[in-house]
Amino acid sequence: MIPAAFVLLDAFPLTPSGKIDRRALPVPDTVPSGLSTAYVMPQTETEQLLAKIWQEVLQVEKVGIYDNFFELGGHSLLIIKVHTKLQEIYPQDISIVKLFQHPNISEFSKYLIDLEREKLTDSLTTGQAKARSDRKTSIKQQRLQRQKNRRNK
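What follows is the structure in structure tokens.
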């Protein structure tokens, strides 16, 4: 296991019996100080929503859009919690693998936006194809009508 946070100490606090006094150990910061990026506040609605979910799941106060989920103390079980919360909000089927592939809010937000755009494009394409098929049917009907009219003359 990899520790979620490190705290530098000159010496461990000890009990009178010489054991480590766990109650006297300092509480680590909620956000590890070794993060590789500076805090950048979520801007878009999607980024704010993702940040709120990550804060809740990771139990941290602030999550920047470039903060790595795993550097903040996340792991596979917490990814499943995030995925469950996303499934409650988004109607699309979001793969858990995508959460591993896009470990920060900025990347995952772009993925979700692309997914929405793709869904919209697919629905428009389907609608256009349906309109074209309706139009073809209409043209065929017109041709049949003309042939019928010619026979009746």
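Heads up, the sequence shown is in my numbering, so the first residue is 64 and it goes up one at a time. Using N, Cα and C, we set each Cβ at its ideal position, and we do this for glycine too. All figures in this text were calculated on a predicted structure; none of them were measured in a lab.
Straight through space, the alpha carbons of serine 80 and aspartate 73 are spaced by roughly 20 angstroms. Taking every protein chain shown into account, the CB of alanine 87 has fewer than 16 other CB atoms within 10 angstroms, so this residue is exposed.
Taking C-beta atoms as the reference points, isoleucine 142 and isoleucine 168 fail to come closer than 7 angstroms.
Contact annotation: isoleucine 159 and histidine 146 have beta-carbon atoms nearer than 7 angstroms. Listed as beta-bridge partners of leucine 178 by DSSP are no residues whatsoever. Rounded to the nearest angstrom, the gap between the Cα atoms of aspartate 84 and alanine 68 is 19 angstroms. In this structure leucine 121 touches leucine 135 by the C-beta definition: roughly 5 angstroms separates them, less than 8 angstroms. Between the alpha carbons of leucine 77 and glutamate 170 lies a gap of roughly 45 angstroms.
In this structure, the straight-line span from the alpha carbon of leucine 71 to that of alanine 101 is close to 21 angstroms. Contact check for proline 166 against asparagine 131 passes: the beta carbons are separated by less than 7 angstroms. Per DSSP, serine 139 is one residue of the alpha helix (DSSP H) stretching across 139-152. The criterion of a C-beta distance shorter than 7 angstroms is satisfied by lysine 148 and isoleucine 116.
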